[in-house]
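Asker: Residue numbers (the numbering used here), protein chains in the order written: chain A, 103 to 290; chain B, 103 to 290. First the structure, then my questions, so here it is.
There are 2 protein chains.
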Amino acid sequence: MERLINRIRKEAYVIDNRIVKVDHFINHMLDTELVFEIGKEFSDKFPNATKILTIETSGIAFAVGTAFHLDNIPIVFAKKCPSLITDDNVYSSQIYSFTKQIESTVTVSKGFLTSKDKVLIIDDFLAMGSALNGLISIAEQSGAEIIGVGVVIEKGFQGGRKNIKNKEVVIYSLANIIDIKNNIPIFK
Amino acid sequence: MERLINRIRKEAYVIDNRIVKVDHFINHMLDTELVFEIGKEFSDKFPNATKILTIETSGIAFAVGTAFHLDNIPIVFAKKCPSLITDDNVYSSQIYSFTKQIESTVTVSKGFLTSKDKVLIIDDFLAMGSALNGLISIAEQSGAEIIGVGVVIEKGFQGGRKNIKNKEVVIYSLANIIDIKNNIPIFK
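Right, dumping it as structure tokens:
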């Protein structure tokens, strides 16, 4: 997505050839117009979705922007809890944040995702792939059909895509940073 | 807001005359159409806002739905951290969750909220008022003008409105539950 890539090129603040800070338009302040343009891209790619699955926090806005372009299909956001929970009423999965160096449990209430759903998974970043594996696992537990995954920014240089266990799932990222040199991101 | 009130009347699951569960359309699964209708109500009430301030997690979707109807003004969402932080680059405030019985710090990067902003604060619930006091405090620290507060569901029976320290701020809630009897909510 040209506009997103240009925006990252011009405005992202890169630290240590590794951290790409875009919190003034992606994950702390939001450029609302861009949110809906991103949603349009995802909706064009996956027009057959009947439900969106995302994860708190930063995926939610893009899920809304996408659902808007898909006749306002419902959104479910997985919740993060610090501790392992055993609850028969939820699908759950363990994920690990390499940024925060914490493990957490993500859950979705069983009633909100079923085998009748055609699920589009949305997230802001694909880094090491742990969160995405968690979301895919939750969708699999529910028996839902996974239509695909929409990622706003893929940090391809971290290789998360190859860590995704389910090799059938189509992952569509709008900006894929495959390398960073002298703190300048290089896109695929 | 008639449609929201009817929805709560028909579908909310009330426990112990106190807990109002609406997580199948407000704070776990989202009815996207309702999200945009709620946004329309807030935008009609506060048309002069130039920025929306909300708090992760459940406020974000309603912030997007509102910004959409206000020419896509930017959104800032305050972040919650478990511990007290001292960082000169952020506005911060302590809040207490009576539901989770934990104190946390909410922060906003200083660059994202300034005295030039006319801020509309959006949140999903007003219960005891702690989160809202935190958001108002952050807006005050930034010098921004607070245009008003939009709350999706006010739990009026918990009296949070009278706990709000800044008495000048206009608080507009779309459904105000002033009492619960036999697990049936009574609206103002």
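Glycine is no exception: its CB is placed at the ideal position from the N, C-alpha and C atoms. Bear in mind the structure is a predicted one, so any value in this text is a computation, not a measurement.
Does the contact criterion of 3 or more C-beta pairs under 8 Å hold for the segment 118-127 of chain A versus the segment 156-169 of chain B?
Answerer: Touching, no.
Asker: I'd like the list of long-range same chain contacts for K153(B), defined as Cβ closer than 8 Å, with 5 residues on each side in sequence excluded.
Answerer: What you label residue 153(B) is simply residue 51 of the second sequence in a count that begins at 1. I175, P176, I177, V178, L215, D219, K220, V221, L222, A246, listed in sequence order.
Asker: Taking DSSP as the reference, what is the three-state secondary structure of E270(B)?
Answerer: On the second sequence, residue 270(B) is found 168 positions in, with the first residue counted as 1. E270(B) falls in the coil class under three-state DSSP.
Asker: Rank M103(B), S194(B), V272(B) by C-alpha distance to the C-alpha of I157(B) and give the top, closest one.
Answerer: Indexing the second sequence from 1 puts residue 157(B) at position 55. Comparing Cα-Cα distances from I157(B) to each of M103(B), S194(B), V272(B), the minimum goes to S194(B).
Asker: Counting only Cβ-Cβ distances shorter than 8 Å, please list the residues of the segment 169-194 of chain A near chain B, keeping chain order.
Answerer: A169, F170, N174, I175, P176, I177, V178, F179, K181
Asker: Flag L155(B) as yes if its beta-carbon sits less than 7 Å from any beta-carbon of chain A, otherwise no.
Answerer: Start at 1 with the first residue of the second sequence, and residue 155(B) comes out as number 53. Among the residues facing chain A, L155(B) is not included, as its CB has no counterpart in that chain under 7 Å away.
Asker: Could you check whether the Cβ of T159(B) sits closer than 7 Å to any Cβ belonging to chain A?
Answerer: On the second sequence, position 57 is the one that residue 159(B) refers to. By this cut-off, T159(B) is an interface position.
Asker: Check whether the Cβ of A163(B) lies closer than 7 Å to any Cβ atom in chain A.
Answerer: To locate residue 163(B), count along the second sequence from 1; it is residue 61. Interface residue, yes.
Asker: Tell me the DSSP secondary structure of D281(B) in three-state form.
Answerer: For the purposes of this step, residue 281(B) is taken as residue 179 along the second sequence, with counting starting at 1. The answer is strand: DSSP assigns D281(B) an E or B state.
Asker: Using 6 Å as the cut-off, classify the Cβ of F148(A) as near or not near the heavy atoms of the ligand ZN, replying yes or no.
Answerer: What this structure holds is no ligand at all, so the ligand ZN is not there to describe.
Asker: Taking one C-beta from the segment 254-271 of chain B and one from the segment 232-243 of chain B each time, how about it: are there three or more such pairs within less than 8 Å?
Answerer: yes
Asker: Against chain A, does F214(B) count as a neighbour if the rule is that its beta carbon must be under 7 Å from one of theirs?
Answerer: In the second sequence, the residue the question calls residue 214(B) occupies position 112. Yes - at least one Cβ of chain A is within 7 Å of the one on F214(B).
Asker: Counting only beta-carbon separations shorter than 7 Å, does E135(A) have a partner in chain B?
Answerer: Numbered from its first residue, the first sequence carries residue 135(A) at position 33. Yes, contact with chain B.
Asker: With burial defined as no fewer than 16 other Cβ atoms inside 10 Å of the residue's Cβ, what is the status of I204(B): buried or exposed?
Answerer: Translated into positions along the second sequence, residue 204(B) becomes position 102. It counts as exposed.
Asker: Using the beta-carbon of each residue, which ones in chain A are nearer than 7 Å to L132(B)?
Answerer: For the purposes of this step, residue 132(B) is identified with residue 30 of the second sequence, where counting begins at 1. Per Cβ cutoff of 7 Å: P176, I177.
Asker: Where in the segment 205-277 of chain B do unbroken runs of the alpha helix (DSSP H), each at least 4 residues long, occur, reported from the N-terminal end onward?
Answerer: Taking only runs of at least 4 residues, the alpha helix (DSSP H) segments lying wholly in the segment 205-277 of chain B are 232-244, 262-265.
Asker: Is it true that the CB of L276(B) sits closer than 7 Å to the CB of M131(B)?
Answerer: Counted from its first residue, the second sequence places residue 131(B) at position 29. Counted from its first residue, the second sequence places residue 276(B) at position 174. No, they are not a contact pair.
Asker: Could you tell me which chain A residues have their CB closer than 7 Å to the CB of V254(B), listed as they occur along the chain?
Answerer: Counting from one through the second sequence, the residue named residue 254(B) turns up at place 152. The premise fails here: V254(B) is roughly 14 Å from chain A at the closest Cβ pair, so nothing lies under 7 Å.
Asker: Taking 7 Å as the CB-CB cut-off, is V166(A) touching chain B?
Answerer: The residue you call residue 166(A) lines up with position 64 of the first sequence. At least one chain B Cβ lies under 7 Å of V166(A).
Asker: Which stretch, first to last residue, makes up the beta strand (DSSP E) that contains T156(B)?
Answerer: Sequence index remark: in the second sequence, residue 156(B) carries index 54 (1-based). That run of the beta strand (DSSP E) goes 153-157.
Asker: Select from the segment 225-246 of chain A all residues with a C-beta closer than 7 Å to any C-beta belonging to chain E, and list them in chain order.
Answerer: Going by chain labels, chain E is absent from the structure shown, which instead holds the protein chains A and B.
Asker: Please state the DSSP three-state secondary structure of F164(B).
Answerer: For this step, residue 164(B) is matched to residue 62 along the second sequence. F164(B) falls in the helix class under three-state DSSP.
Asker: Under a Cβ-count criterion, where at least 16 other Cβ atoms within 10 Å of its own Cβ denotes burial, should L186(B) be classed as buried or exposed?
Answerer: Against the second sequence, residue 186(B) aligns to sequence position 84. It is exposed - the Cβ of L186(B) has fewer than 16 other Cβ atoms within 10 Å.
Asker: When the distance is taken between beta carbons, is G258(A) closer than 7 Å to I288(A)?
Answerer: The residue given as residue 288(A) occupies position 186 in the first sequence. The residue given as residue 258(A) occupies position 156 in the first sequence. The answer is no: Cβ separation not under 7 Å.
Asker: In terms of alpha-carbon separation, which member of R109(A), V272(A), G262(A) lies closest to F200(A)?
Answerer: Position 98 of the first sequence, counted from the first residue, corresponds to residue 200(A). Of the listed residues, the one whose Cα sits closest to F200(A) is G262(A).
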